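Enquirer: Below you'll find the structure I mean.
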Amino acid sequence: MMLIGSHLPLSGPLYFEETAKLALSFGETAMMFYTGAPQNSRRLPLDKMRIGEGDAVLEGKIALSSRVVHAPYIINLANRGDLDKLKAMEGFLRSELERAARFSAPILVLHPGSHLGLGSEAGIKNLLLSLEETLADYRGRTRIALETMAGKGGEIGRSFEEIAAIINGFSRPELLSVTLDTCHLNDAGYDVSDLPGIKSEIERTFGIRKVACIHLNDSKNPRASHKDRHENIGYGTIGFATLEKWASDPDFADVPKILETPYYKEKPPYGTEIAMLRSGVYVEGWRERL
Ligand SMILES: [Zn+2]
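Sequential numbering from 523 applies to the sequence shown in this note's numbering.
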């Protein structure tokens, strides 16, 4: 069974129980969510989130190993210009790791951050300092999966070499893994239609076994645009045939594939996108029939 799902809301009144039901309604065998709003640090106490009820819904349907939590994208550890803010963000990352563990998620996806004009090398150095400070005594089981980025603004992690520099520069590399985002890779300049070529680049840098999660998205923009605008499967510049190859690749069979494609006319596209990727059959004009 292909491990595939989508990012999902986690909101009241039923919280994780509702998230779990939604995942199953889309036919998902993997899932991803934020433990609170991605753009702020306010967090509801976990005992209000009906985690046990959600677990009961998911039992036997979505394995714990296919649960992914996404860290809030406001966390930026690649610039140390504001040390008070940085300390707060380090604490926030640590608490998100603990929250992810309470949801039994083995993976916390983290954007490597933005150097804000300092250059990638300095940005990577800053991130490494923060990871050392934050994870020195970390004993949890949830690992961080650094996401490959499109390279907009001063984003670091826009190449496999940069991701490898972060992993290899860290004293506890076993705590770090990688999330590949097909839209970001395309926008960063990679030819994602050449999957064998991508895999050999990965082998040459951080190694295929470090891939812990794949964000499967089409892109609104051409290769090397450095934009990061996700598109529905088949409606972008990457296309269904390529994304289906990624979804069904045997080297990624154990890796959760997560759609972060946009709603269309306020309707979630995930049920249809997942069904097409599973069957390998594309339905022209599917979005109009949601
Ligand atoms: Zn992300």
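The beta-carbon is built from N, C-alpha and C at its ideal position, and this holds for glycine as well.
Quantities reported herein were computed from a predicted structural model and do not represent experimental measurements.
Between R616 and the rest of its own chain, which residues show a CB-CB distance below 7 angstroms, the 5 nearest in sequence each way excluded?
Expert: Only T656 meet the Cβ criterion.
Enquirer: What would DSSP say about G645, mapped onto helix, strand or coil?
Expert: Note: G645 maps to helix in three-state DSSP.
Enquirer: Would you identify the three-state DSSP class for V714, choosing helix, strand or coil?
Expert: Of the three classes helix, strand and coil, the one that applies to V714 here is coil, per DSSP.
Enquirer: What do you get for S801, buried or exposed, if any count of 16 or more other CB atoms within 10 angstroms of its CB means buried?
Expert: So S801 counts as exposed.
Enquirer: Tell me the start and end of each unbroken beta strand (DSSP E) in the stretch 741-796 that is at least 3 residues and wholly inside, in chain order.
Expert: As far as the stretch 741-796 is concerned, its whole beta strand (DSSP E) runs of at least 3 residues are 779-781.
Enquirer: Please report the distance separating the alpha-carbon of R694 from that of R565.
Expert: Using only the alpha carbons, I get a separation of about 28 angstroms.
Enquirer: Going by beta-carbon coordinates alone, are L668 and L698 separated by less than 9 angstroms?
Expert: Result yes, Cβ atoms of L668 and L698 sit closer than 9 angstroms.
Enquirer: To the nearest angstrom, how far is the alpha carbon of L536 from that of L638?
Expert: Approximately 39 angstroms, taken between the alpha carbons.
Enquirer: Report the residue from I780, R726 and I760 whose alpha carbon sits nearest the alpha carbon of K742.
Expert: Ranking the options by Cα distance to K742, first place goes to I760.
Enquirer: Using a Cβ-Cβ cut-off of 8 angstroms (strictly less than) and excluding sequence neighbours within five positions of P784, which residues of its own chain qualify?
Expert: Closer than 8 angstroms at Cβ, skipping near neighbours: H752, E753, N754 and P791.
Enquirer: How long is the line joining the alpha carbons of L765 and D604, rounded to whole angstroms?
Expert: Rounded to the nearest angstrom, the two C-alpha atoms are 40 angstroms apart.
Enquirer: Measure the beta-carbon distance from I689 to I646 and round it to whole angstroms, keeping in mind my assumption that it falls under 8 angstroms.
Expert: The Cβ separation is near 11 angstroms, so there is no contact.
Enquirer: Please classify E581: is it buried, with 16 or more other beta-carbons within 10 angstroms of its beta-carbon, or exposed?
Expert: Classification of E581: exposed, given that the 10 Å Cβ count is below 16.
Enquirer: Alpha helix (DSSP H) containing M611: first to last residue?
Expert: That run of the alpha helix (DSSP H) goes L605 to R624.
Enquirer: Hey, could you find the ends of the beta strand (DSSP E) D703 is sitting in?
Expert: First-last of the beta strand (DSSP E) with D703: L698 to D703.
Enquirer: Report whether the distance from the Cβ of Y595 to the nearest heavy atom of ligand 1 is below 8 angstroms.
Expert: Yes, ligand 1 has a heavy atom inside 8 angstroms of this Cβ.
Enquirer: State the DSSP-derived secondary structure class of I597, mapped to helix, strand or coil.
Expert: Coil at I597, not helix or strand.
Enquirer: Within 10 Å of its beta-carbon, does M818 have 16 or more other beta-carbons around it, so buried, or fewer, so exposed?
Expert: The chain is shown only over 523 to 812; residue 818 falls outside these bounds and no answer can be derived.
Enquirer: Less than 9 angstroms separating the beta-carbons of N739 and L799?
Expert: No, Cβ-Cβ distance for N739 and L799 is not below 9 angstroms.
Enquirer: Start and end of the beta strand (DSSP E) containing E669?
Expert: Per DSSP, E669 belongs to the beta strand (DSSP E) from R665 to E669.
Enquirer: Taking the continuous alpha helix (DSSP H) assigned at I689, which residues delimit it?
Expert: Run containing I689: F682 to G691, per the alpha helix (DSSP H) assignment.
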